[in-house]
Amino acid sequence: MKLTLSQEQQQLRESVRSFLRTASPLPKVRQGYDRRVYARLNGELGLSGLIVPEEYGGAGAGLADLAVALEETGAALLPGPFLATTFAAIALTKVPDKELLTGIAEGRITATLSGEEIAGDGATVRGTLAQVLSGMEADVLVAPARTAGGVVMVAVELAGPGVTRTALETLDLTRGQAQVVMDGAPCRVLGPQPETGIGDRLCVALAAEQLGVMRAALDAIVAYAKIRVAFGRYIGSYQGVKHKLADMHCKLEQAESIVRYAAWAADESPAELPGAAALAQAYVGRACFEVARDHLLLHGGIGFTWEHDAHLFYKRAKADEVLMGPPRIHRARLAELLEL
Amino acid sequence: MKLTLSQEQQQLRESVRSFLRTASPLPKVRQGYDRRVYARLNGELGLSGLIVPEEYGGAGAGLADLAVALEETGAALLPGPFLATTFAAIALTKVPDKELLTGIAEGRITATLSGEEIAGDGATVRGTLAQVLSGMEADVLVAPARTAGGVVMVAVELAGPGVTRTALETLDLTRGQAQVVMDGAPCRVLGPQPETGIGDRLCVALAAEQLGVMRAALDAIVAYAKIRVAFGRYIGSYQGVKHKLADMHCKLEQAESIVRYAAWAADESPAELPGAAALAQAYVGRACFEVARDHLLLHGGIGFTWEHDAHLFYKRAKADEVLMGPPRIHRARLAELLEL
Amino acid sequence: MDLAEYRRAARAWLQENVPADEPPEGDAITRAKHFMAKLYDAGYSGITWPKQWGGQGLTQAEERAFAAEARDFTLPTYVFSIGLGMTGPTVMDRGTDAQRERFLRPLLRGEEIWCQLFSEPGAGSDVASLQTRAVRDGDQWVVNGQKVWTSVAHHADWGLLLARTDVDVPKHKGLTMFVVDMHHPGVTVRPLKDMSGRANFNEIFFDNVTIPDEHRVGEVNDGWSVAVTTLLHERLSISAGVGMGGQKDNPASFEALRKAVDTSDPLVRDQLVELHIRSRALALFNQRLAQETEAGLFPGARGSAAKLLLAELTLFQADVATQLVGPESVLAGHPLAQAISLAPGMALGGGTNEIMRNIVGDRVLGLPPEPRVDKTVPFKDLKVGTQA
Amino acid sequence: MDLAEYRRAARAWLQENVPADEPPEGDAITRAKHFMAKLYDAGYSGITWPKQWGGQGLTQAEERAFAAEARDFTLPTYVFSIGLGMTGPTVMDRGTDAQRERFLRPLLRGEEIWCQLFSEPGAGSDVASLQTRAVRDGDQWVVNGQKVWTSVAHHADWGLLLARTDVDVPKHKGLTMFVVDMHHPGVTVRPLKDMSGRANFNEIFFDNVTIPDEHRVGEVNDGWSVAVTTLLHERLSISAGVGMGGQKDNPASFEALRKAVDTSDPLVRDQLVELHIRSRALALFNQRLAQETEAGLFPGARGSAAKLLLAELTLFQADVATQLVGPESVLAGHPLAQAISLAPGMALGGGTNEIMRNIVGDRVLGLPPEPRVDKTVPFKDLKVGTQA
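Residue numbers (the working numbering), protein chains in the order written: chain A, 29 to 368; chain B, 29 to 368; chain C, 106 to 493; chain D, 106 to 493.
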């Protein structure tokens, strides 16, 4: 089991971090998805192709590397379809499709993934997906479609005929969703639905983003506690603040350990993956929201203002926590896997 | 709804409190049950007859008054069968028996109550009760017995023939239990088992004791925080301690409010009693243990020693929390009563 | 007239005079002023205030009776709450007769709206470290600085302003209280959006705003003791309101949630039970405090425990509700998205949770105070606000 | 010999030489001493200690390899742990050559047992406020006072003693470190029962106990810096042990509980899931720290986070286990009754949770320190211990 970062992974982290620091600082995040940032992110850093197999032009990396990248995009609250495209890429590595994988690796195609089934006939699909992540920004939807011959994975051009998209604002100002209605929309069948592994990997990927969100939130409030004065003392010198920050640090340490473990399991130990993935969502999702919440509260009144960034982390944390469904599903899954 | 104490109740509290302060201080508590203390408690203060109807020589008070007394016996960690006798008296007010009620009111008889059924034939009983509260100290066991004619309440002389008692040490050094095996033990039938009200009243009575335990634990650690110095300052001046004590105070305020409400409901609003009783056990039992636990921890190393009193509160709190069964039963009951 | 009769009369008046629905914002001020005038004419404005200054000269008993009846109505008097609850009582307690004469009756009659100008970006929990300066110039004062978290400032005619008048003495000793004309040139009111996107507060900028010395409240450099009076009144009016109602329209309340979620799942049921337990625990505590108050026992700092618990419950409710409802709860149109966005507000307005715990620890439990480093240093040498 | 070979040899030796079961107490000391002698002869005692003082002069790599293998065995060396982990390294780092010569080899060979004498009833978290006095008398020192929380003192031959030698200087500046003969007349060892009824600690009373000056460790009044060395070694040996094993025999562990409770109840299942989540979270954190250490990254104060989490987990486990099992869990014979009685110990030994949070806040997060009132006052004028 490998719970620490390799030198290469540390370099990856550093390069993504320093890129985002200049290309997508927090004031810019509020302006939403910027295609130019994505172009550079994918071009200069090759992030979109990180987990795409080498034969399709990607780097063929595993989830341990992906987690490092997602932690940084999470910490930066990167707007737009990066997580959605990553979700789709994770699915596509299980039903490889040259056109899509190559397009994603080259940064030409943004995509999103539905966990919900739609109905299909092999050539077209129909159905309504109530909340599709980054559904307005993604070019392609990858989704399971029930056909006469069983459930297959299909790709649907979201800007194509037979598709109606409605933008949905959400709590998370940095990443929207869309309602997608398909009525005879042309689709391409990619292959039969893979039996396992996609959902677990999505859990791990999301947990990596959440780890980044919580780390950035903790960093922000620790920095503030070192410069904000009340009653003639830095607020970080009060045990009321210090002890809460120490508890938040403890959560972060555990969350990071779990994310590393789950990513390692995804790459190296398939039998452990389901339990590790459920553990990751059950622990990290909650810890991320708690840390983001307390980071906001410890800012005092300024943390409640629209102008301050604290609420961006708080809202991303809450949106992420419920992204895969009510969080209790992960606990229920754990109970099942533990044969309780 | 009456959530505050009347003048008479405040006087009752003061007299029980000052009596116990001298007659049963904490160093004495470790020595266990003292019949002489009980004789005075019942004689001078009339506590054993507090809720016994006046026609049987008692004071005919309600649970609101009883709660005041139990809070003080709880705060003093009074050893012996006071709570057990109170439980039996609560049951007997529903199936009145002159001999027993008069004996309890006069302080001649100590008793205990079983929630579990035994088997009976109208004249004798048989069965094993695994954990009977104060089973070694009580003279009489009141229990439901299943007979051919239905379930009846019976009284069994615990020192009588056909009864084998085995003392059980428990976590709570101040109050033991016993295994009671009955094999053809003579019994007296008191009447049919009452349909409702006993169990709920036991919940309220226990919550009152727990309120006293938590109040005394909080008082003890607040007092210590005012005299114990670390790094040149009283420990109570550190926010790490102060804020925890403030949170404990918040729990105490809520617990007291719930106990007053539940006791009022028992006396005045039967329809509200089941929900109030379950609420009391669900909230107060947990809050009491948490406060007793944190009071012990905040004492530092000395709180971990046998010689210090902190563990007496911690152990009583834990024993009380599980006295009526695993605490989740109260939450399950609430779910049912709320028609969830 | 005995109390029961007073109460019946109040109820009858309220039934007849309280508008059924709150009108939309803009017009609301006119209607609120109109309603206050009616309230005043009916004798329900300033019930315990002296007759000399426009009040009714009655007792706490009548005040409580009216408040109890009014709880069933939504009185459109929100914009007057700062004036009636905080700044008015301060002028009453600490002002000159001339100030009482000038300011109190127009407030009670709904002719003038007030705001309170204490907090600053660098002085939140620690109000006494504020930096807005008032410099004497003959028989007037010149004010420069910035205030924040000011409710109703965009409607206000007058503001109760705490400003620094001496930087060479410790921070509590160089403050003075003033009444400032909010229509004076140099006063800029800028709406401040909260994290839910609503603008319930304002920032106020003072640029060479002058105040006549006759509008000074209390002695020069004695402003902190005047502010303590105001904050005491604030705490009273907050703790009186804590836990009263509020759950009815809360999408994260037990009653709302039980309809919104799948209660066949035992884990969902148990979360609802937890919500019920915590809500009931606090509601009963608030009722006990209210009963004590009615019996003449003033709850004092214990009200801060109730405020702390309400802040925690508010966050817990919205948090658990979004967990139970899942993905759709974060859609912009969902009431829970608004609830989770507003939830931190209760913990951040009227004193943070940390301040509440200090108050409970110091004043309820009598714990020793934190050593203070800021009580003796001249203000100009003190670290304040945000700095490395 | 390469590392893998070293490891294989160590394992083989352990398999052959570690007694299968721990023998009963009284005899245990003799057997422990016997085992230490064998360990020494085999070259596994003091692996990284210099050869000159009886060690093996090898590297951390061999030490870690042996420790990794030893984890699968129960070595009967408990009574030597203070000597090997704390007092021995202190003598090595700060003692004279004569002291190293006298004390280290007998320790490594299991001939002499050590204890550590820092804490006092009035000086727990704040060790430097201790009151035990050592007064110079020619070329010896006379000690009077009381120590507490001393493990293995009733078996100890030597104690590392921190005592006050000057009360006219601030508290950290008037302490001196000594090696005291535990068999000296005037040393009284009294077992101290913990709240579970077990006597794992002792109180030590010193009544005119003399110590030759040659048994002073470090300079006069420089004892605090020596103590910091000892405490650093203590922290290292605690954090190395944190989270290693321990769950196997824990009646409140997930594996033990799943067999003991009714898992058909969804609420019970969810509590077990919570227990699993928290246990795994900490176990993985400990494994990550261990991997970092093996990679040469010293975790430092982050070990205090692990210790804090372990203290909280230990209490949570026993608490939730007794809740799940219900009434029978509090019967004296039930393993959970013992578990809930011992559970607070992890939070109270080796630094309270509050101290751990301070360490994490100060040293991991780099937060500003609490203002200190005790660093400049002469000790005799300082408030210490328990007083009004």
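Each residue gets a CB set at the ideal place from its N, CA and C atoms; glycine is no exception.
Query: How about I357 (chain B): is its C-beta nearer than 7 Å to some C-beta of chain C?; Result: no
Query: Using a beta-carbon distance below 7 Å, is A203 (chain D) in contact with chain B?; Result: no
Query: Which chain B residues sit within Cβ distance under 8 Å of Q492 (chain D)?; Result: I255 and V257
Query: Over the uninterrupted beta strand (DSSP E) stretch that includes T293 (chain D), give me the two end residues.; Result: V292 to L297
Query: Confirm, please, whether the CB-CB distance from L337 (chain D) to L266 (chain D) is below 7 Å.; Result: no
Query: Report the three-state DSSP secondary structure of E225 (chain D) (helix, strand or coil).; Result: strand
Query: Determine, using beta carbons only, whether A360 (chain B) comes closer than 7 Å to chain A.; Result: no
Query: Could you name each continuous beta strand (DSSP E) segment of 3 residues or more that falls completely within the stretch 107–141 of chain A, going from the start of the chain to the end?; Result: 139–141
Query: Applying the criterion that 16 or more other CB atoms from any shown protein chain within 10 Å of the CB defines a buried residue, is V168 (chain A) buried or exposed?; Result: buried
Query: Measuring CA to CA, which of B:E145, B:G86, B:L326 and B:A87 is closest to S230 (chain D)?; Result: B:L326
Query: So, using beta-carbon positions, are P298 (chain A) and Q221 (chain A) closer together than 7 Å?; Result: no
Query: Grab me the residues of I330 (chain B)'s own chain with a C-beta within less than 7 Å of its C-beta, minus the 5 sequence neighbours each way, in chain order.; Result: H336
Query: Can you name the residues of chain D whose CB is closer than 7 Å to the CB of T202 (chain B)?; Result: In chain order: nothing, as chain D lies at least about 12 Å away.
Query: Would you kindly report the start and end of the unbroken alpha helix (DSSP H) that includes L75 (chain B)?; Result: No alpha helix (DSSP H) holds L75 (chain B); DSSP gives it neither H nor E.
Query: By a C-beta neighbour count over all protein chains shown, 10 Å radius and 16 as the cutoff for buried, is K279 (chain B) buried or exposed?; Result: buried
Query: Does chain C have any CB closer than 7 Å to the CB of V179 (chain A)?; Result: no
Query: Would you tell me roughly how many angstroms separate the C-alpha atoms of D262 (chain D) and D286 (chain D), rounded to the nearest one?; Result: 6 Å
Query: In terms of alpha-carbon separation, which member of B:M242, B:G148, B:Q238 and B:A347 lies closest to R216 (chain B)?; Result: B:G148
Query: Does the structure place the stretch 332–350 of chain B close enough to the stretch 308–322 of chain B that three or more beta carbon pairs sit under 8 Å?; Result: yes
Query: Just to confirm, is the Cβ distance from L235 (chain D) to G159 (chain D) under 7 Å?; Result: no
Query: Contact between the stretch 295–310 of chain B and the stretch 226–235 of chain B: three or more CB pairs below 8 Å?; Result: yes
Query: Under the assumption that V250 (chain B) contacts L472 (chain C) (Cβ atoms under 8 Å), give the Cβ distance between them as a whole number of angstroms.; Result: 7 Å
Query: At what residues does the beta strand (DSSP E) containing F283 (chain D) begin and finish?; Result: L280 to D286
Query: Could you tell me the alpha carbon to alpha carbon distance between F306 (chain C) and N355 (chain D), rounded to whole angstroms?; Result: 55 Å
Query: Quick one, which residues of the stretch 399–429 of chain C are near chain A if we go by CB-CB under 8 Å, in chain order?; Result: L420, D424, T427, Q428 and L429
Query: Could you tell me which of C:L163, C:E121, C:P181 and C:Q165 sits nearest to P132 (chain C), measuring between CA atoms?; Result: For the sequence presented, residue 132 (chain C) should be read as Asp rather than Pro. Considering only alpha carbons, the answer is C:P181.
Query: Give me, in chain order, the residues of the same chain whose beta-carbon lies closer than 7 Å to that of V65 (chain A); leave out the 5 immediate sequence neighbours on both sides.; Result: A51 and S52
Query: Tell me whether G74 (chain B), by its Cβ, gets closer than 6 Å to a heavy atom of the ligand GTP.; Result: Absence of the ligand GTP from the depicted structure is noted, as is the absence of any ligand whatsoever, leaving it without description.
Query: Note down, in chain order, each residue of its chain lying with its Cβ closer than 6 Å to the Cβ of E308 (chain C), except the 5 sequence neighbours on either side.; Result: V253, R295 and L297
Query: The alpha helix (DSSP H) with D348 (chain B) in it runs from where to where?; Result: A338 to E349
Query: By the three-class DSSP mapping on this structure, what secondary structure does L267 (chain D) have?; Result: strand
Query: So if DSSP puts F306 (chain C) in a beta bridge, which residue, or which two residues, is it bridged to?; Result: C:L297
Query: I think T281 (chain D) touches T270 (chain D), with their Cβ atoms under 8 Å apart; what is that distance to the nearest whole Å?; Result: 4 Å
Query: Pull up the distance between the alpha-carbon of A423 (chain C) and that of T202 (chain A), whole angstroms please.; Result: 21 Å
Query: Which of the residues in the stretch 446–480 of chain C, read from start to end, lie with their CB under 7 Å from any CB of chain D?; Result: P476 and V478
Query: Which residues in the same chain have their Cβ closer than 7 Å to the Cβ of V153 (chain B), if we skip the five residues on either side of it in sequence?; Result: I146, A147, A173, V182, V184, M210, A213 and C215
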